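Numbering (our numbering), first residue to last: 1265 to 1811. The structure appears right after this line, and notes come after that.
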């Protein structure tokens, strides 16, 4: 339900920041007597879910098993996945599919009118349900339609969350730290609104806009991770950033992903001379996990001094290609590439944040009343590398788990504390927006050059030095001037960039997505990398994050 927002203070039962699969699965799983706010910093469909081409991994075929899915996930995650989280997620596969079907999502069917299953990198079986090659769009548009129909869900588009409000931030240090809401900027009039609720969920995606080249939409600036850390939550494994192997290399198409399902259906990666090079790097060839494929492509691009490699599915029948990849076929044809006969120029691009805010299996963070779901969270599922199509599954499993936990904990007697309105009296309008643009570009270039697919200790040290200077400048700018969307995002992005570098510097090995030339071997020790904020309440952690 869309409503005009004339007041600047709003009271709800649950506030959800983010309108992708994670946020909307929570909203639609809560009882209808709950009053829910969904904040989207752009339009409702401008979320990473919408752009997902692959699908949802779930054990549905009799030849497959829960144990096989668990084993595949553990192997892809370089055995750094937490087994309990993997089991919780994989066992939630069938309920997640039922949730989507019950809400009207249309998936591709096979000749027997059963859900068509495809296979992607790292999976030993066909277990990916999909909607042709635009699964995310089908899921996102359907769930958005359902959310707009609900009278108990109030939608706030073009609202960007600034910071969480907690009892400790309000000065009640003698109490357990609890989230009671947040401040958010209404872009339409540049007013800051106060949102109050006993439960807040951060489902606002990852942080891959930290990199110069990314497959992510512009919203992916690490807002939820940064806000949670500032409020007192631990974060973990931020060094593990997935680079999707095959992003289209074309001047007229920015951040356009070529789905992994294309390799699952038999596409080859080739060099300019036509050599199918992946066989030199892994016996699974094009179906190796993403970190291996991305690193192989990066190696060949640097070795040969070329700008891209080629993805080739032209050896498959024309009708097969058009049937399985109609969206890609049509879009690339507009760009002058006929994938039934032409090869596709591709490069790796920053794609997914495997680390995030530490949560338990109910998506509960270290702060009471605060949840983190989807790419914003660290559940332990992905370990050192996310397996294809496990991310959408994680969104739905943990969104529904959070809904059950919130319903069980809901107290109708909750009274929000006295919260002051946003104070902008000490700030002024910015004199030069070029400062934001300069720092934005410098930060993303630094991350791409020094903290990318292949790392070294020296590169990380250089990156940290530059990021610390940028952070100081951005913090001073934030304190002096009125908030804007660009400034809020830049403040969050420099914070998560520092987290990525600090986590990477702590990991003295090469594992999964973290590959460093100074420590090329695996360590015998399996450990997560945890960053603890200075305001973390050690006495009452709600979730376990042992190093």
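Glycine residues also receive a C-beta, built at the ideal position from the N, C-alpha and C atoms. Since we're looking at a predicted model, the values are computed, not measured.
With contacts defined by Cβ atoms closer than 7 Å, residue 1591 and residue 1374 do not form a contacting pair.
The C-beta separation of residue 1557 from residue 1385 comes to about 7 Å, placing the pair in contact by the 8 Å criterion. Secondary structure at residue 1511: strand, using DSSP grouped into helix, strand and coil.
Counting along the chain, residue 1739 sits inside the alpha helix (DSSP H) bounded by residues 1721-1744. Per the coordinates, the alpha-carbon of residue 1312 lies some 32 Å from the alpha-carbon of residue 1693. In its chain, beyond the 5 residues on either side, 1647, 1648, 1649, 1775 and 1776 have a beta carbon closer than 7 Å to the beta carbon of residue 1342. Bounds of the alpha helix (DSSP H) holding residue 1331 are 1330-1340. Residue environment analysis places residue 1327 among the exposed positions, since fewer than 16 neighbouring C-beta atoms fall within 10 angstroms of its C-beta.
According to DSSP, residue 1587 shares a beta bridge with no other residue.
Taking the CA atoms as reference points, residue 1377 sits about 18 Å from residue 1402. Taking C-alpha positions only, residue 1274 is separated from residue 1420 by approximately 11 Å. Judged by DSSP secondary structure, residue 1576 falls outside any alpha helix (DSSP H) and instead within the beta strand (DSSP E) spanning 1573-1576. Residue 1456: member of the beta strand (DSSP E) spanning 1455-1460, first to last residue. Within the DSSP bridge table, the entry for residue 1303 names 1281 and 1420 as partners. As DSSP reads the structure, residue 1358 sits in no beta bridge. Closest option to residue 1388, judged by alpha-carbon separation, among 1428, 1332, 1537 and 1436: 1332. Contact between residue 1513 and residue 1610 holds: their C-beta atoms lie close to 6 Å from each other, under 8 Å. If the five residues before and after residue 1447 are omitted, its C-beta is found closer than 8 Å to the C-beta atoms of 1425, 1426, 1427, 1429, 1456, 1457, 1458, 1459 and 1686, all from its own chain and listed in chain order. Closest in C-alpha terms to residue 1790, from the list 1283, 1344 and 1517, comes 1344. Taking 7 Å as the cut-off, the beta carbon of residue 1636 is found closer than this to the beta carbon of residue 1623. Between the alpha carbons of residue 1400 and residue 1318 lies a gap of roughly 8 Å. In terms of Cβ geometry, residue 1573 and residue 1533 form a close pair [threshold 7 Å]. Our two residues, residue 1433 and residue 1495, have alpha carbons roughly 8 Å apart in a direct line.
Around the beta-carbon of residue 1507, 16 or more other beta-carbon atoms lie within 10 Å, marking it buried.
The stretch 1347-1362 makes no contact with the stretch 1573-1586, as fewer than three CB pairs between them are under 8 Å.
Residue 1314 and residue 1595 have their alpha carbons spaced roughly 16 Å apart. Residue 1346 and residue 1771 do not touch by the CB rule: their CB atoms are close to 17 Å apart, not below 8 Å.
Under DSSP, residue 1771 shares a beta bridge with no residue. Counting the other CB atoms within 10 Å of its CB gives residue 1584 a total below 16, which places it among the exposed residues. Rounded to whole angstroms, the Cβ separation of residue 1711 and residue 1490 is 15 Å, and the two are not in contact under 8 Å. In terms of Cβ geometry, residue 1308 and residue 1408 form a close pair [threshold 7 Å].
Within the model, the alpha-carbon separation for residue 1350 versus residue 1288 is close to 22 Å. Annotated three-state conformation of residue 1488 is helix, per DSSP. For residue 1298, the CB contacts under 7 Å within the same chain, skipping 5 residues up- and downstream, are 1277, 1278 and 1416 in chain order. Looking from the CA of residue 1630, the closest CA among 1797, 1788 and 1661 belongs to 1797.
Residue 1454 is classed as exposed because its beta carbon has fewer than 16 other beta carbons within 10 Å across all chains shown.
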